[in-house]
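Participant: Take 0 as the starting number for the sequence shown in numbering that gives the first Met the number 0 and just add one per residue. Quick one: the structure is below, questions incoming.
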Amino acid sequence: MKADSKIKSFFYPSSICVAGASSKEKSIGYEILRSIKEFGYTGKLFPVNPNSGSILGSKCFKTIEDIHEKIDLAIIVVPKTFAEDSVDSILKKGTKAIVLITAGFKETGSEGAVLENKILQKVNAAGARLVGPNCMGLINTLDEIKLNATFVAEKPAVGRTAFFSQSGAIGAAVLNSLRDTDIRFAHFISAGNKADISEIDILEFWQTDENISVMTFYLESFENGESFINKFIQGDITKPVIILKAGRSEEGIKAASSHTGALGSSDRVVNAALDQFGIIRAESLNELFNTSKGFENFALPKGSRIAVVTNAGGPAILAIDSIVKEKLTPAKLSIFTKKKLREIVRAEGSVENPVDLLPGGTPEQFKAVNEIAAADENVDAVISIFVEPVMVPAFDVIENINSIKSEKPIYQVVMPLPEFWEKYRRDSKYKIPLFRNPEEPAKVISNILFFEKRKVKRNYFQPGNSKIKSTDFITESSKRTDTGFIGHKILERITKVYNLPMIQSDFIPLEEITKTSLKINFPVVLKGISKKVIHKSELDAVKVNIKNKEELLLAAGSIKNNFEKNNIELEGFLIQPFIKPKHELLIGGFRDKSFGPMIMFGGGGKYVEVYDDTCLKSACLCDDDIEEMIKKTKIGKILEGVRGEKPADMEKIKNVIRSSAQMMLDNPDIKEFDFNPLIVCVDDSISIVDARIKLVP
Ligand code: ADP
Ligand code: MG
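Shown next as structure tokens:
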């Protein structure tokens with residue numbers, strides 16, 4: 000993979016101009032110049048303002064044209080009405096990287112959107128790239144650059160984490176909190192309206208930048224979820240990526256006409272896609288940066304067995320609870336470890352996990368106990384908790400533990416007096432990040448283990464050629480039923496080419512049902528069919544286990560009645576063999592507007608929405624994903640056999656999931672499909688007895 004080399008100019012410019020620099024304190028044009036100067040930018044700086052001779056000791060240029068040197072990066076803070084002119088001048092100068100901080104574009108309505116688009120087209124035509132508009136700038140803390148082109152005056156410390164924020168306010172809030180949170184950055188970028196540069200460009204760039212080891216994102220939308228996850232599918236992204244995605248409460252897909260669509264809210268799609276490709280989804284800013292610190296500043300845990308060391312009972316219980324909640328394991332300390340601990344821990348203290356030194360625990364004891372715990376072969380990571388009592392100084396305890404050399408991570412939770420933090424920041428030799436709450440490290444560990452587990456290279460299914468000609472779809476879609484679903488014939492064809500186990504169905508026109516010459520192998524199921532009806536059961540139009548002609552005619556009469564009562568035209572009947580269901584499954588899929596083809600597996604039947612026992616994934620599956628989809632659902636566990644029951648023929652079921660996913664990947668014309676139910680019988684045979692496929696309009 001090759002990132003756009005122009006993106007590099009945003010973070011590593013040798014020269015920058017600030018168009019709209021101002022001498023008015025507190026104005027953005029002033030504050031941004033001040034941030035740049037105070038942070039100590041190492042390159043050349045050209046402020047531009049038609050009316051000022053100099054600002055903050057820098058010579059001001061009246062126009063961009065007056066600058067006779069090369070400009071790598073232009074930062075534009077002029078009022079909206081001058082934005083287009085400024086962009087014109089900068090492009091004429093040959094600058095390829097522009098940050099448009101000015102607001103008042105797409106975010107304000109259609110007029111703003113038009114102007115934004117106009118500017119974007121000019122930038123595109125010139126082969127340049129644009130960050131923003133409506134953003135708060137960017138930062139590179141690295142010594143060679145030292146650029147703080149934001150209007151937040153805080154001075155971020157150098158780290159190996161990079162942070163992308165779609166919201167300027169969230170970006171500012173994080174920067175404002177740096178002294179408290181000890182977050183260290185290499186790069187920060189506020190993306191604003193993402194007119195041109197989006198999370199995808201930055202993801203690619205940071206992957207190639209060796210100064211970055213962890214990427215963090217605050218997103219409100221995915222510009223193109225499918226391309227984003229594609230980078231992971233192709234194996235291009237190998238660094239940890241942590242995303243805080245806002246907008247969880249977004250409604251489900253509106254007016255979904257299939258079960259699968261109704262169950263696939265956009266937030267579920269985001270969750271599914273991120274989870275599948277090893278992208279960590281954080282639930283809060285705190286978790287986002289705690290996790291990045293976990294990657295950046297600690298050895299990586301190799302397993303899930305956690306020892307807790309403490310001087311107080313309560314916080315240790317909370318820590319153990321969080322370990323269990325995160326599906327980690329409280330470590331079982333070896334007899335040897337416990338013996339060694341006993342030499343240090345007083346008789347009233349505990350040498351079981353959590354190891355409790357009691358409030359009297361000294362800095363030396365804390366160090367020794369942490370060392371012993373970390374050395375135990377049954378331990379993968381240690382959480383050390385220190386609540387400051389009057390007699391033991393927090394700083395000494397924390398530094399003593401920091402000095403331990405271990406291949407395993409030791410996460411320290413400290414609950415000290417307020418003075419501690421300043422002293423730690425000033426005097427600590429190690430400056431290893433600390434946690435403030437006993438529940439935090441477990442989440443960090445589970446996020447890291449998730450990433451490590453997903454990191455292995457996997458073979459995802461790739462789209463192939465459509466097995467059904469697009470023209471067939473088109474002819475068929477012109478005949479499409481009112482509900483948008485394709486007709487019976489083509490449905491049979493497509494399910495056949497994908498080897499999907501469709502039950503034999505015969506269509507009987509309305510008037511022929513009474514013919515005595517009908518040859519039927521009872522028992523059968525009779526279904527009333529109409530263009531207008533999606534869920535037949537709702538009209539009581541599915542009659543099962545019909546044993547003879549008499550019952551068949553009764554059933555047909557009853558279905559006819561139900562349709563008449565509801566004023567819906569009945570077009571005919573489907574007759575299928577009745578098979579005795581042991582389990583009813585759902586396999587469905589839909590094309591998400593951002594993340595593309597998705598696949599769902601779970602419990603099926605009439606009550607799918609009520610039980611919602613389903614697992615959703617991108618259709619770019621690998622075999623492990625299919626395994627996981629089954630394992631994650633309750634019906635999957637039942638299929639594997641409970642209470643001595645014989646397991647179902649899982650290979651057959653996996654094949655249906657596999658082929659359905661392939662069908663979705665191969666045929667962009669398919670918008671949605673539902674196989675509900677796929678019936679699993681006692682004799683292990685499986686049949687799809689009800690299928691719907693909907694085409695893209
Ligand atoms: P709907 O349009 O309401 O989804 P279905 O065709 O899925 O109609 O049938 C509803 C229910 O009837 C199924 O969930 C299943 O329990 C039962 N059923 C349908 N077809 C058969 C069949 N061929 N054999 C046995 N049971 C069936
Ligand atoms: Mg059904």
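Note that CB positions come from ideal geometry on N, CA and C, so glycine has one too. Values in this document were obtained by computation on a predicted structure and should not be read as measured data.
Do A73 and A102 have their CB atoms nearer than 9 Å?
Facilitator: no
Participant: Which residues have a Cβ closer than 5 Å to any heavy atom of the ligand MG, listed in chain order?
Facilitator: N675 and D689
Participant: Assign K244 to one of two classes, buried (16 or more other C-beta atoms within 10 Å of its C-beta) or exposed (fewer than that).
Facilitator: Buried is the call here.
Participant: Given that a residue counts as buried once 16 or more other Cβ atoms are within 10 Å of its Cβ, and exposed if not, what is G360?
Facilitator: buried
Participant: Provide the residue(s) that pair with S57 in DSSP beta bridges, ordered along the chain.
Facilitator: I54
Participant: Return yes when at least one heavy atom of the ligand MN lies under 8 Å from the C-beta of V543, else no.
Facilitator: The ligand content of the structure shown is limited to the ligand ADP and the ligand MG, which means the ligand MN is not among them.
Participant: I need the boundaries of the alpha helix (DSSP H) containing T215, first residue and last residue.
Facilitator: Where T215 is concerned, there is no enclosing alpha helix (DSSP H), although the beta strand (DSSP E) it sits in stretches over V213 to L218.
Participant: By Cβ distance, which residues of its chain are closer than 8 Å to A112, with the 5 residues on each side in sequence left out?
Facilitator: Taken in chain order, the residues that qualify are F104 and K105.
Participant: What separation, rounded to the nearest whole angstrom, lies between the Cα atoms of L416 and G293?
Facilitator: 24 Å
Participant: At the level of alpha carbons, what is the spacing between T328 and E351?
Facilitator: 14 Å
Participant: What residues in its chain sit with their C-beta under 8 Å from that of I716, if we drop five residues either side in the sequence?
Facilitator: In this structure the chain extends from 0 to 696, so residue 716 is not present and cannot be described.
Participant: From I533 to N654, what distance separates their C-alpha atoms?
Facilitator: 26 Å
Participant: Starting from the N-terminal side, write out each stretch of the alpha helix (DSSP H) that is 4 residues or longer and does not extend beyond the stretch 596–645.
Facilitator: 607–610, 622–631 and 633–638
Participant: Taking the Cβ atom as the reference point for each residue, do E219 and G595 lie within a distance shorter than 9 Å?
Facilitator: no
Participant: Tell me, please, which residues DSSP counts as bridged to A346.
Facilitator: Its beta-bridge partners do not exist; DSSP assigns none.
Participant: Candidates Q233, G42 and E198: which alpha carbon is nearest Q461's?
Facilitator: Of Q233, G42 and E198, the residue nearest in Cα terms is Q233.
Participant: So what's H186 in DSSP terms, helix, strand or just coil?
Facilitator: strand
Participant: How should S516 be labelled, buried or exposed, when 16 other C-beta atoms within 10 angstroms of its C-beta is the threshold for buried?
Facilitator: exposed
Participant: Taking the beta carbon of E64 as the centre, do at least 16 other beta carbons fall within 10 Å, making it buried, or is it exposed?
Facilitator: By the neighbour-count definition (other C-beta atoms within 10 Å, threshold 16), E64 is an exposed residue.
Participant: Between the C-alpha atoms of R479 and I652, what's the straight-line distance to the nearest angstrom?
Facilitator: Unreliable positioning characterises R479 in this predicted model, as indicated by a pLDDT of 48, which lies under 50. A coordinate reading is not provided.
Participant: Using the rule of at least 16 other Cβ atoms within 10 Å of the residue's Cβ for burial, across every protein chain shown, is R657 buried or exposed?
Facilitator: buried
Participant: Taking D725 as the reference, give the member of T107, T62, H67 and G108 with the closest Cα.
Facilitator: One cannot answer for residue 725 here, as it falls past the ends of the chain, which runs 0 to 696.
Participant: Who are A380's beta bridge partners in DSSP?
Facilitator: I305
Participant: Just grab the DSSP bridge partners of M663 for me.
Facilitator: M663 is not bridged to any residue.
Participant: With a threshold of 16 other CB atoms inside 10 Å of the CB of T140, please say whether the residue is buried or exposed.
Facilitator: buried
Participant: Whole angstroms is fine: what's the gap from R453's alpha carbon to N116's?
Facilitator: Roughly 39 Å separates the two Cα atoms.
Participant: Thinking just about the alpha-carbon of each residue, which of L146, E153, G167 and A171 is nearest to the one in P132?
Facilitator: Out of L146, E153, G167 and A171, the CA that lies nearest to the CA of P132 is found in G167.
Participant: What does DSSP give as the partner residue(s) for F506 in the beta ladder?
Facilitator: L573
Participant: Name the one or two DSSP bridge partners that K542 has.
Facilitator: L525
Participant: With respect to the beta strand (DSSP E) encompassing E583, which residues constitute its N-terminal and C-terminal limits?
Facilitator: P580 to D591
Participant: Pull up the distance between the alpha-carbon of R698 and that of E198, whole angstroms please.
Facilitator: The requested residue 698 is not part of the displayed model; the chain covers only 0 to 696.
Participant: Report yes if the C-beta of P432 is less than 8 Å from at least one heavy atom of the ligand ADP; otherwise report no.
Facilitator: no
Participant: Is the stretch 417–433 touching the stretch 444–451 in the sense that three or more CB pairs, one from each, lie closer than 8 Å?
Facilitator: no
Participant: From A82, K456, R435 and M628, pick the residue whose C-alpha is nearest to that of A271; which is it?
Facilitator: M628
Participant: Take G348 and list the residues in its own chain whose beta-carbon comes closer than 6 Å to its own, dropping the five residues that flank it on each side.
Facilitator: D355, L356 and L357
Participant: Using only alpha-carbon positions, find the residue among E203, Y40 and L299 that is nearest to E700.
Facilitator: The chain is shown only over 0 to 696; residue 700 falls outside these bounds and no answer can be derived.
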